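Here's the structure, in structure tokens; my notes come after.
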Amino acid sequence: MAKQQHCKELNNKIHEKLFLNNFLLIKTGNHERAFTSLDLIEDCQNAIEEFEKVENIKHRSTLYIYGVLQAMYCQQDGLFHLYKTIIDENIKNVYELFEKNNFTAEIRDVRDDIAGHPTDRKKGKEFYFIAKGLNTKYNFSYSGYTPKFRTVDVDLKKFIIQQNNFTKNILTQVENAIYEKIKIHKEKYKEMKLISLLDNLDRPIQLVYRGIFDNHPAASFGQEEMKKSIESIRQELNLRYNNKIPEIVECIFRLQDYTTAKIEKLILNNELYKNIEAEIFMDSFDNQLEQLRKILIEIDNEFEN
Numbered sequence: 001m002a003k004q005q006h007c008k009e010l011n012n013k014i015h016e017k018l019f020l021n022n023f024l025l026i027k028t029g030n031h032e033r034a035f036t037s038l039d040l041i042e043d044c045q046n047a048i049e050e051f052e053k054v055e056n057i058k059h060r061s062t063l064y065i066y067g068v069l070q071a072m073y074c075q076q077d078g079l080f081h082l083y084k085t086i087i088d089e090n091i092k093n094v095y096e097l098f099e100k101n102n103f104t105a106e107i108r109d110v111r112d113d114i115a116g117h118p119t120d121r122k123k124g125k126e127f128y129f130i131a132k133g134l135n136t137k138y139n140f141s142y143s144g145y146t147p148k149f150r151t152v153d154v155d156l157k158k159f160i161i162q163q164n165n166f167t168k169n170i171l172t173q174v175e176n177a178i179y180e181k182i183k184i185h186k187e188k189y190k191e192m193k194l195i196s197l198l199d200n201l202d203r204p205i206q207l208v209y210r211g212i213f214d215n216h217p218a219a220s221f222g223q224e225e226m227k228k229s230i231e232s233i234r235q236e237l238n239l240r241y242n243n244k245i246p247e248i249v250e251c252i253f254r255l256q257d258y259t260t261a262k263i264e265k266l267i268l269n270n271e272l273y274k275n276i277e278a279e280i281f282m283d284s285f286d287n288q289l290e291q292l293r294k295i296l297i298e299i300d301n302e303f304e305n
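Just so you know, we're using this note's numbering here: the sequence shown kicks off at 1 and counts up by one.
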């Protein structure tokens, strides 16, 4: 899979409600850092591939050298911050990430030597310059004083291959971590079926209807049970979605809350019996309940898989 496509798919995954609500939005900055890191990784990959497509350079081009090294450097930063956000918030720096994944810091060191602070490297302890003269597209040399004089031969082709493998490895780890976090979260709730919370709601609804048509005194009990059932579903959804219930369900709850409040007021005022508005409210409640049943089944299936 192309790394750009992998980044797009990961962006979709981090914005799935279960992951977004329960893992990214619980800490300020996690969400923004995650999707901007993915964007950076993707943009840098485009830059690296653009460099590879450039025709063979027959003259000395510092611009291309600076450009591809900076792209790899920035991509490493993006990979580190994505890893820190999704996998291990305690990881300290990009070099620790390199160590965890047996990846050399050579690319980063070369970039810092010649495109970081070459005339003031390591706070004035080292000084570097790119060798004058011709260089090929992928190969060049640079020299410096440490204070001993040293020369470094650079193979950009090797760097790009190493970077590609490293990027693929980290993106795969992030994808697996997202999958595992969601799986663990689902496991906590998969045995509790939301649809079962509606099993005993038919009887309370019937009692309210009997209050409308037969002036039955148990209508008040029915109304209270309707209210409790909806509240129990709301609480369970809040647990699953970290108090960010899906908008479509919130709309249903808003209408059902309004209905139960109206029915309660009619009962308290002794106005429920033969009240056509009460019939309309209950008809609306029934319709909303059917929609809710379908959604709860879908959510139960989501947590089952």
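For every residue, glycine included, the Cβ atom is placed at its ideal position computed from N, Cα and C.
Values in this document were obtained by computation on a predicted structure and should not be read as measured data.
Just tell me which of the options has its CA closest to the CA of residue i.
i	options	result
Gln309	Asn176, Ile107 and Glu224	Because the chain is modelled from 1 through 305, residue 309 falls outside the range shown and cannot be assessed.
Arg234	Val249, Phe221, Ser220 and Gly222	Val249
Tyr145	Tyr66, Asn101 and Thr119	Thr119
Ile230	Leu201, Glu32, His6 and Pro246	Leu201
Ile195	His31, Tyr83, Leu289 and Ile87	Leu289
Thr260	Tyr273, Ala219, Leu237 and Leu239	Ala219
Leu79	Leu63, Val68, Glu96 and Tyr64	Glu96
Lys244	Leu24, Asp286 and Phe159	Leu24
Asn30	Val54, Lys186, Phe127 and Asp88	Asp88
Val68	Leu82, His81 and Glu52	Glu52
Asn305	Ile184, Lys262, Asp283 and Leu272	Ile184
In this structure, how does DSSP classify residue i when only helix, strand and coil are distinguished?
i	result
Ser232	helix
Tyr142	strand
Glu271	coil
Val174	helix
Asp155	strand
Tyr66	helix
Ile295	helix
Ile26	coil
Glu55	coil
Glu264	helix
Glu16	coil
How many angstroms separate the CA atom of residue i from the CA atom of residue j?
i	j	result
Asn22	Asn242	6 Å
Tyr209	Lys13	45 Å
Tyr258	Phe221	17 Å
Ser37	Glu9	14 Å
Asp156	Val174	One point to set straight first is that residue 156 is Leu, not Asp, in the sequence displayed. Answer to the nearest angstrom: the Cα atoms are 27 Å apart.
Glu90	Tyr179	For the sequence presented, residue 90 should be read as Asn rather than Glu. When rounded, the distance between both Cα atoms is 20 Å.
Ala131	Asn139	11 Å
Tyr66	Lys193	57 Å
Gln163	Ser232	51 Å
Gln256	Lys27	32 Å
Glu277	Arg293	24 Å
Ile160	Ala47	11 Å
Phe253	Pro246	11 Å
Ala34	Cys7	11 Å
Lys274	Phe213	6 Å
From the beta carbon of residue i, is the nearest beta carbon of chain D less than 8 Å away?
i	result
Lys8	You won't find chain D in this structure, because it holds only one protein chain.
Problem set entry | Sufficient close CB pairs (3 or more, under 8 Å) joining the region 28-44 to the region 60-77 | Under the 8 Å Cβ criterion, the region 28-44 counts as touching the region 60-77, having at least three qualifying pairs.
Exercise. Using 8 Å as the Cβ pair cut-off and three pairs as the minimum, do the region 169-188 and the region 137-152 touch?
Worked result: no
Problem set entry | Within the region 71-108, ranges of the beta strand (DSSP E) (whole runs, at least 3 residues) | none
Problem set entry | Validate contact between the region 293-300 and the region 265-274 using beta carbons, cut 8 Å, 3 pairs | no
Exercise. Which ranges would you report for the alpha helix (DSSP H) in the region 187-256 if only whole runs of at least 4 residues count?
Worked result: 202-214 and 219-241
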